[in-house]
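Novice:
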Amino acid sequence: MIEKRVLCAERVRAINGSFAFLEHRFLQGGFWETLDHYELLLYVFLVLVGDRKGLSYYTYDKICSLLKVTVDDYIVARNDLIKKELIAFDGRLFQVLSLPKTPVREEQRPITDMDEMKQRDPATVHQTIQEVLSR
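Position in the sequence shown (first residue = 1) + 139 = our numbering.
1. What's the C-alpha gap between His-176 and Glu-162?
2. If you check the beta carbons only, do Tyr-182 and Leu-220 fall under 9 Å apart?
3. Assuming Ala-159 and Leu-187 form a contact by the criterion Cβ under 8 Å, report the distance between their Cβ atoms to the nearest whole angstrom.
4. Grouping DSSP H, G and I as helix and E and B as strand, with all else coil, what is Leu-194?
5. Ignore the nearest five residues each way along the sequence and tell me which others in Lys-257's own chain have a CB closer than 6 Å to its CB.
6. Comparing alpha-carbon positions, which option in Thr-241, Asp-200, Thr-209 and Cys-203 lies nearest Gln-167?
7. Could you check where the alpha helix (DSSP H) with Gln-266 kicks off and where it finishes?
8. Within its chain, find whatever has a CB closer than 8 Å to the CB of Glu-224; leave out the 5 residues flanking it on each side and keep chain order.
9. Using the beta-carbon count (16 or more within 10 Å), is Val-210 buried or exposed?
10. Can you list the beta strand (DSSP E) stretches of 3 or more residues lying completely in the region 189-257, in chain order?
11. By alpha-carbon positions, which one of Leu-146, Lys-192 and Leu-206 ends up nearest to Leu-178?
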């Protein structure tokens with residue numbers, strides 16, 4: 140077992156003022172691995188800016204600017220965090236929720252027809268968007 144020791148005694152972290160935290164269970168319980176990098180970035184941001192009840196009210200344009208993400212990536216990440224029961228959102232107010240007992244995982248099933256391909260395949264969705272934009 141690794142013995143822990145302070146590496147830089149003059150810079151030991153102290154809790155001053157407000158403080159944000161992530162439960163160890165977020166990593167150890169498998170929640171971390173269910174998130175893509177946009178979801179993780181947005182989730183950690185909402186944890187950092189939330190009050191003691193997990194509430195925050197940053198606008199989407201401010202969030203996109205601070206996180207350096209597109210509106211599309213923000214919307215997908217936000218919606219996926221809601222589906223995974225990690226946040227709630229009422230159109231203007233966010234709440235980081237207590238962690239569910241286990242991570243909510245999206246069922247991965249094969250794409251079986253063209254309609255599903257148009258909705259679930261990222262390359263096909265991208266191609267469709269490009270076609271619409273080029274008209």
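Ideal Cβ placement from N, Cα and C applies to all residues, glycine included.
Specialist: Taking the geometry as given:
1. Taking the sequence shown and counting its residues from 1, one reaches residue 176 at position 37. Taking the sequence shown and counting its residues from 1, one reaches residue 162 at position 23. Their backbone Cα atoms lie some 19 Å apart in a straight line.
2. Along the sequence shown, one-based indexing puts residue 182 at 43. Along the sequence shown, one-based indexing puts residue 220 at 81. Yes, Cβ-Cβ distance for Tyr-182 and Leu-220 is below 9 Å.
3. Within the sequence shown, the letter at position 20 stands for residue 159. Within the sequence shown, the letter at position 48 stands for residue 187. That pair is a contact at about 5 Å.
4. Residue 194 sits at position 55 when you count from the first residue of the sequence shown. Note: Leu-194 maps to strand in three-state DSSP.
5. The residue given as residue 257 occupies position 118 in the sequence shown. Only Thr-263 meet the Cβ criterion.
6. The count along the sequence shown starts at 1 and reaches residue 167 at position 28. Nearest C-alpha to Gln-167: Thr-241.
7. As a first step, residue 266 is located in the sequence shown; it is residue number 127 there, counting from the start. Start and end: 261-272.
8. As a first step, residue 224 must be located in the sequence shown, where it is residue number 85. Counting only Cβ-Cβ distances below 8 Å, and skipping sequence neighbours, we find Leu-236, Pro-239 and Val-243.
9. Residue numbering aside, residue 210 sits at position 71 when the sequence shown is read from its first letter. Result: exposed.
10. 226-228 and 233-235
11. Walking along the sequence shown from the start, residue 178 turns up at place 39. The sequence shown places Glu at residue 178, not Leu. Checking every option, the nearest Cα to that of Glu-178 belongs to Leu-206.
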